[in-house]
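Engineer:
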Amino acid sequence: MAEAAELTSFRSDVQAWLKDHFPASLAGKSVAMEGGDALGPDEVRWRDALAEAGYGAPTWPKEYGGAGLTQRHARILDEEMAAVGASNPIPMITGMGITMVGPTVLEYGTDEQKQRHLPGIASGQIRWCLGLSEPNAGSDLASLKTKAESDGDNFVLNGQKIWTSGADISQWCGALVRTDTQAAKRDGISFVLLPMDQPGVETRPIKLISGASPFCETYFTDAVAEKRDLLGPLNEGWSVVKRLLQHERQSQTGARPGGDAEKVPGITELAKDYVGTADDGRLADADLRTRITEHLIDSKAHNLTVARIAAEAKGNPEVSAAASIMKNSATKVAQGKSELTLEVMGAKGLGWEGDFFTEYELRVVRDWLFGKAISIYGGSYEVQNNIISKNILGLPETTQKG
Amino acid sequence: MALLNEEQAMLKDQAVAWVSEQAPVAQFRAVRDQGEGRCYAEPTWQAMVDMGWTGILVPEAYGGSDLGYLTFGLVLEQLGRELTASPLFASALVGTTAVLLGGNEAQKQQWLPKVVEGSEVLTLAVDDGPRHAPDTIRLAAEPTADGYTLTGAKTFVPEGMAATAFVVAARRTDTGATVLLLVPADAGGLSRSRLHTFDGRGYANLSFEGVAVPAVAELAEGGETLLTDVLDRARAGLGAEMLGTASKAFDLTLEYLKTREQFGRIIGSFQALGHRAAELYTQLELSRSCAEAALQAVDAGKANIAPMASLSQAKVGAFLHWMSNQLIQIHGGIGMTDDFDAGFYLKRARALEALYGNPAFHRDRYARLLGY
Numbered sequence: 015m016a017e018a019a020e021l022t023s024f025r026s027d028v029q030a031w032l033k034d035h036f037p038a039s040l041a042g043k044s045v046a047m048e049g050g051d052a053l054g055p056d057e058v059r060w061r062d063a064l065a066e067a068g069y070g071a072p073t074w075p076k077e078y079g080g081a082g083l084t085q086r087h088a089r090i091l092d093e094e095m096a097a098v099g100a101s102n103p104i105p106m107i108t109g110m111g112i113t114m115v116g117p118t119v120l121e122y123g124t125d126e127q128k129q130r131h132l133p134g135i136a137s138g139q140i141r142w143c144l145g146l147s148e149p150n151a152g153s154d155l156a157s158l159k160t161k162a163e164s165d166g167d168n169f170v171l172n173g174q175k176i177w178t179s180g181a182d183i184s185q186w187c188g189a190l191v192r193t194d195t196q197a198a199k200r201d202g203i204s205f206v207l208l209p210m211d212q213p214g215v216e217t218r219p220i221k222l223i224s225g226a227s228p229f230c231e232t233y234f235t236d237a238v239a240e241k242r243d244l245l246g247p248l249n250e251g252w253s254v255v256k257r258l259l260q261h262e263r264q265s266q267t268g269a270r271p272g273g274d275a276e277k278v279p280g281i282t283e284l285a286k287d288y289v290g291t292a293d294d295g296r297l298a299d300a301d302l303r304t305r306i307t308e309h310l311i312d313s314k315a316h317n318l319t320v321a322r323i324a325a326e327a328k329g330n331p332e333v334s335a336a337a338s339i340m341k342n343s344a345t346k347v348a349q350g351k352s353e354l355t356l357e358v359m360g361a362k363g364l365g366w367e368g369d370f371f372t373e374y375e376l377r378v379v380r381d382w383l384f385g386k387a388i389s390i391y392g393g394s395y396e397v398q399n400n401i402i403s404k405n406i407l408g409l410p411e412t413t414q415k416g
Numbered sequence: 145m146a147l148l149n150e151e152q153a154m155l156k157d158q159a160v161a162w163v164s165e166q167a168p169v170a171q172f173r174a175v176r177d178q179g180e181g182r183c184y185a186e187p188t189w190q191a192m193v194d195m196g197w198t199g200i201l202v203p204e205a206y207g208g209s210d211l212g213y214l215t216f217g218l219v220l221e222q223l224g225r226e227l228t229a230s231p232l233f234a235s236a237l238v239g240t241t242a243v244l245l246g247g248n249e250a251q252k253q254q255w256l257p258k259v260v261e262g263s264e265v266l267t268l269a270v271d272d273g274p275r276h277a278p279d280t281i282r283l284a285a286e287p288t289a290d291g292y293t294l295t296g297a298k299t300f301v302p303e304g305m306a307a308t309a310f311v312v313a314a315r316r317t318d319t320g321a322t323v324l325l326l327v328p329a330d331a332g333g334l335s336r337s338r339l340h341t342f343d344g345r346g347y348a349n350l351s352f353e354g355v356a357v358p359a360v361a362e363l364a365e366g367g368e369t370l371l372t373d374v375l376d377r378a379r380a381g382l383g384a385e386m387l388g389t390a391s392k393a394f395d396l397t398l399e400y401l402k403t404r405e406q407f408g409r410i411i412g413s414f415q416a417l418g419h420r421a422a423e424l425y426t427q428l429e430l431s432r433s434c435a436e437a438a439l440q441a442v443d444a445g446k447a448n449i450a451p452m453a454s455l456s457q458a459k460v461g462a463f464l465h466w467m468s469n470q471l472i473q474i475h476g477g478i479g480m481t482d483d484f485d486a487g488f489y490l491k492r493a494r495a496l497e498a499l500y501g502n503p504a505f506h507r508d509r510y511a512r513l514l515g516y
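As you go down the protein sequences, you meet chains A and B in turn.
Positions 15 to 416 (this note's numbering) are the ones given, in order, by the first sequence.
Positions 145 to 516 (this note's numbering) are the ones given, in order, by the second sequence.
1. Is the beta carbon of B/Lys252 sitting closer than 8 Å to the one on B/Val260?
2. In whole angstroms, give me the CA-to-CA distance for B/His419 and A/Glu396.
3. Our contact map puts B/Thr389 next to B/Ala450 with C-beta atoms below 8 Å; I'd like the distance itself, whole angstroms only.
4. Opposite A/Phe234 in the DSSP bridges: which residues?
5. For A/Lys446, go through chain B and note every residue whose CB falls closer than 7 Å to its CB, in chain order.
6. Just tell me which of B/Ser351, B/Glu286 and B/Thr299 has its CA closest to the CA of B/Gly320.
7. Can you look up B/Tyr292 in the DSSP assignment and give me helix, strand or coil?
8. Do you know offhand how far B/Ala153's Cα is from B/Thr215's?
9. Output yes or no for whether 8 Å exceeds the beta carbon distance between B/Phe300 and B/Leu339.
10. Could you give the residue range of the alpha helix (DSSP H) that holds A/Asn400?
11. If the cut is a Cβ gap below 9 Å, which residues of chain A does B/Ser413 touch?
12. List, in order along the chain, the chain B residues whose C-beta lies closer than 8 Å to that of A/Ala198?
13. Taking A/Ile306 as part of the alpha helix (DSSP H), name the residues at either end of that continuous run.
14. Which residues in chain B have a C-beta closer than 7 Å to the C-beta of A/Lys314? List them in chain order.
15. List the residues of chain B that A/Asn400 touches, going by C-beta distances under 9 Å, in chain order.
16. Quick one: which chain B residues come within Cβ less than 7 Å of A/Ser403?
17. Go ahead and label B/Gly333 buried or exposed: buried means 16 or more other beta carbons lie within 10 angstroms of its beta carbon, across all protein chains shown.
18. Across which residues does DSSP place A/Asn168 in a beta bridge pair?
19. Which residues, taken in chain order from the stretch 298–311 of chain A, show a beta carbon closer than 8 Å to some beta carbon of chain B?
20. Less than 7 Å between C-beta atoms, sequence neighbours within five positions excluded: which residues of the same chain meet that for A/Pro117?
21. Measuring only the C-alpha atoms, how far is A/Arg305 from B/Leu324?
22. Along the stretch 333–347 of chain A, where does the CB come closer than 7 Å to a CB of chain B? Name the residues.
23. Applying a beta-carbon distance threshold of less than 8 Å, which residues of chain E neighbour A/Ala325?
24. Hey, how far is the Cα of B/Lys459 from the Cα of B/Leu147?
25. Looking at chain B, is there any beta carbon in it that lies within less than 8 Å of the beta carbon of A/Thr282?
26. Between A/Ile402 and A/Gly360, what straight-line distance do the alpha-carbon atoms span, to the nearest angstrom?
27. What residues match up with A/Trp142 in a beta bridge as DSSP calls it?
28. Can you check whether the C-beta of B/Leu396 is within less than 8 Å of a C-beta belonging to chain A?
29. Return the CA-CA distance between B/Gly207 and B/Phe172, expressed in angstroms with no decimal places.
30. Which class does A/Ile388 belong to by DSSP, given the choice of helix, strand or coil?
31. Would a check of beta-carbon distances place B/Ser433 closer than 8 Å to chain A?
32. Using the Cβ count rule (16 or more neighbours within 10 Å means buried), how would you classify B/Pro203?
33. On the premise that B/Thr426 lies in contact with A/Ser343, defined as a C-beta separation below 8 Å, what is that separation, rounded to the nearest angstrom?
34. Within 8 Å of any Cβ in chain A, is that where the Cβ of B/Ile474 sits?
35. In three-state terms, what does DSSP make of B/Gly354?
36. May I have the straight-line CA-CA distance separating A/Ala22 from B/Gly445, to the nearest angstrom?
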């Protein structure tokens with residue numbers, strides 16, 4: 015009971031804090047930082063208030079810029095922020111910082127590395143990207159070739175990375191590099207952290223089928239990473255990155271574009287508008303209705319499973335192998351919704367630009383195209399199935415010899 | 145698995161141990177081979193009664209333990225895993241739910257303690273034809289001075305050969321309203337005949353030729369939606385049994401993938417099969433969430449019991465259908481033999497899917513409930 019009272023009192027503290035610090039002008043708005051747009055004055059004020067309280071990364075230890083909250087307290091913070099229409103922009107502002115780099119540094123970093131890197135993330139000052147994939151190392155990440163050679167206190171990096179999200183607007187990068195060319199594929203890899211603002215780093219945005227350029231090619235030409243920024247032991251970067259990717263998957267398991275059948279009018283209302291209804295008020299196209307229903311059922315099943323896994327972990331969710339299941343399930347739901355939406359809109363779902371199409375119709379098209387990446391990034395749909403069959407079900411390796 | 149309280153965890157452990165030791169699928173095989181009319185082993189049923197499973201939903205005042213639907217689901221899941229045959233679901237969940245929701249005090253006093261002690265076995269007689277269609281009940285209930293006269297038929301009544309009384313869905317000839325009536329199996333003018341279905345369970349067809357039912361036998365407390373409310377709780381419970389059947393089918397398949405060798409390799413090392421196993425497992429986990437959420441919605445008395453029950457039936461039903469086919473396919477030739485259990489699971493899967501609406505029925509109903 016003392017615990018319940020403490021939680022209640024924490025809730026009222028949060029309410030009071032939000033009243034004092036959350037700018038009303040931001041209610042209901044999420045900060046769009048995909049393009050690296052500059053923050054407005056209220057957004058800066060809000061970011062700094064969050065940082066000051068440690069609420070940018072509420073579950074991280076206080077000494078590294080977090081608030082040291084338990085998952086239960088963090089959930090209360092989330093709930094109260096949602097109640098006033100506030101969202102935490104720091105995960106967006108920091109790129110891969112909050113969701114992936116931070117948790118991995120917390121686990122593998124030395125105390126000095128934690129002091130050096132975490133506060134900048136938690137306060138929303140430093141944006142991070144990740145140099146993992148290479149032109150010939152996508153799903154088969156371990157075949158990467160970017161080399162890091164020892165030179166006194168530094169590593170000197172040479173090679174090319176690809177699909178580096180936000181490389182052009184990031185200050186720091188976590189890169190997977192080969193430090194032993196003689197060792198077996200997965201044994202000669204290390205994970206280093208390096209600043210992006212240096213002569214040896216060049217980034218080129220990649221234009222995607224959706225027209226956007228969220229990813230870059232990143233070239234390292236004698237780029238420098240300090241040895242004190244080696245994360246985890248030398249040549250053991252593969253285990254670091256496996257963990258990092260689990261954090262990534264975990265961050266990709268939420269149901270994307272609103273699928274909760276009971277809350278969102280979404281696809282059913284849209285279908286009625288574009289396709290029309292029969293005399294009984296039901297969607298006129300029975301085949302479409304069935305497929306929409308299958309989509310909504312999968313969406314609901316996904317959300318229930320996310321909630322169940324959280325409940326089973328008693329509010330302290332460990333990053334688990336189940337994340338592979340949830341990533342694939344989230345992918346199906348998100349891509350399925352995009353395909354249905356496009357189909358429902360007919361020719362209005364084919365627009366690229368121009369007045370004939372509404373802003374919403376154009377956005378659906380871009381989302382549909384960008385959504386094709388979901389089953390590729392963070393370990394493709396097929397790679398997730400390899401992980402499920404091997405790590406969860408205990409079946410033999412299917413992709414490696416020996 | 146949902147978070148369980150201490151009582152639920154104990155009951156689950158008891159069910160896991162008892163079912164696997166005392167009522168495994170080998171016992172079902174023996175009963176099937178015997179071909180006896182009730183299609184379950186009497187000592188198995190008696191043991192369930194002795195363990196108190198017949199009282200899981202019943203308040204203590206009527207001799208039960210009032211542990212709720214999620215708890216009942218834990219037991220049904222285990223029974224589903226081993227295809228354990230008994231009237232437990234029909235009587236202690238479906239029939240009992242009808243009395244709990246629709247019965248007055250006298251009816252509860254009359255029926256519930258006897259269901260708990262196993263001396264009465266209830267079952268719901270809902271469908272008049274071969275497809276589940278609770279909106280178009282045809283069995284005629286003609287009002288009389290003291291109740292009704294029933295004329296017509298019911299089909300595919302689960303445990304219809306073992307039941308001592310039926311909860312009969314009938315249509316009033318005057319108002320057209322659906323009524324639920326408690327009719328003893330030995331009522332004059334009522335006859336039953338066994339249906340030989342491929343899942344080897346004790347279904348019956350019922351024939352009503354002017355069966356007189358007194359007014360006191362009408363379950364009138366549940367209002368116009370009583371039949372739907374009973375069915376949705378039945379569907380939530382059935383989802384747990386189906387989940388159990390599917391999860392055992394998955395386990396058997398996974399075990400085979402790890403042990404069977406062809407072309408000099410364990411067949412689970414073929415990526416086609418590894419990925420299929422991964423897809424099956426993903427659907428199993430999603431199905432479990434739906435099955436448990438439906439039972440939890442019933443326990444919490446939520447307003448969304450109907451869509452959640454249909455969600456559970458649609459999702460778990462579709463998975464069980466696919467899983468039972470894959471059980472045979474991945475086992476290859478051995479899966480086609482009667483000596484191996486796979487066929488039991490396939491056959492049972494289809495019967496469970498059909499009972500209270502197949503996945504197509506529930507997808508359509510889900511859409512209707514959500515207004516499109």
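By construction, the Cβ of each residue, glycine as well, lies at the ideal position given by its N, Cα and C atoms.
Structural biologist: According to the structure shown:
1. With respect to B/Val260, B/Lys252 sits apart: the two C-beta atoms are not nearer than 8 Å.
2. Computed Cα separation, rounded: 8 Å.
3. Contact annotation, B/Thr389 with B/Ala450: C-beta distance approximately 24 Å; criterion of less than 8 Å not satisfied.
4. According to DSSP, A/Phe234 bridges with A/Gly173 and A/Val215.
5. Because chain A is modelled from 15 through 416, residue 446 of chain A falls outside the range shown and cannot be assessed.
6. Of the candidates B/Ser351, B/Glu286 and B/Thr299, the one whose C-alpha sits nearest the C-alpha of B/Gly320 is B/Glu286.
7. Strand, per DSSP.
8. Answer to the nearest angstrom: the Cα atoms are 9 Å apart.
9. Yes, the Cβ-Cβ distance between B/Phe300 and B/Leu339 is below 8 Å.
10. First-last of the alpha helix (DSSP H) with A/Asn400: Tyr395 to Ile401.
11. Neighbours of B/Ser413 on chain A, chain order: Leu409, Pro410, Glu411 and Thr412.
12. Neighbours of A/Ala198 on chain B: none; closest Cβ ~20 Å, over 8 Å.
13. For A/Ile306, the uninterrupted alpha helix (DSSP H) run begins and ends at Ala300 to Glu326, by DSSP.
14. Ordered by position in chain B, the residues that pass the 7 Å Cβ test against A/Lys314 are Leu455.
15. Ordered by position in chain B, the residues that pass the 9 Å Cβ test against A/Asn400 are Gln415, Gly418, His419 and Ala422.
16. The answer, in chain order, is Gly418, His419, Ala421 and Ala422.
17. With fewer than 16 other CB atoms across the displayed protein chains lying within 10 angstroms of its CB, B/Gly333 is exposed.
18. Its beta-bridge partners are A/Asp165 and A/Glu240.
19. Under the 8 Å Cβ criterion, the stretch 298–311 of chain A contributes Arg303, Thr304, Ile306, Thr307, Glu308, Leu310 and Ile311.
20. Residues His261 of the same chain have their beta carbon placed closer than 7 Å to that of A/Pro117, with the five preceding and five following residues left out of the count.
21. Near 35 Å, if we compare the C-alpha coordinates of B/Leu324 and A/Arg305.
22. Hits within the stretch, in order: Ile339, Asn342 and Ser343.
23. Looking at the structure shown, chain E is missing, and the protein chains on hand are A and B.
24. Take the alpha-carbon of B/Lys459 and the one of B/Leu147: they are about 21 Å apart.
25. Cβ-Cβ to chain B under 8 Å: yes for A/Thr282.
26. Counting only the Cα atoms, A/Gly360 lies some 37 Å from A/Ile402.
27. BP columns for A/Trp142 point to A/Gly109 and A/Trp186.
28. Interface with chain A (8 Å Cβ-Cβ cutoff): B/Leu396 is excluded.
29. Roughly 30 Å separates the two Cα atoms.
30. If DSSP states are grouped into helix, strand and coil, A/Ile388 belongs with coil.
31. For B/Ser433, the answer is yes, since a Cβ of chain A falls inside 8 Å of its Cβ.
32. When all chains shown are included, B/Pro203 counts as exposed.
33. That pair is a contact at about 6 Å.
34. For B/Ile474, the answer is no, since every Cβ of chain A falls outside 8 Å of its Cβ.
35. If DSSP states are grouped into helix, strand and coil, B/Gly354 belongs with the strands.
36. The amino acid at residue 22 of chain A is misidentified as Ala; the sequence shows Thr. Those two C-alpha atoms are separated by around 26 Å.
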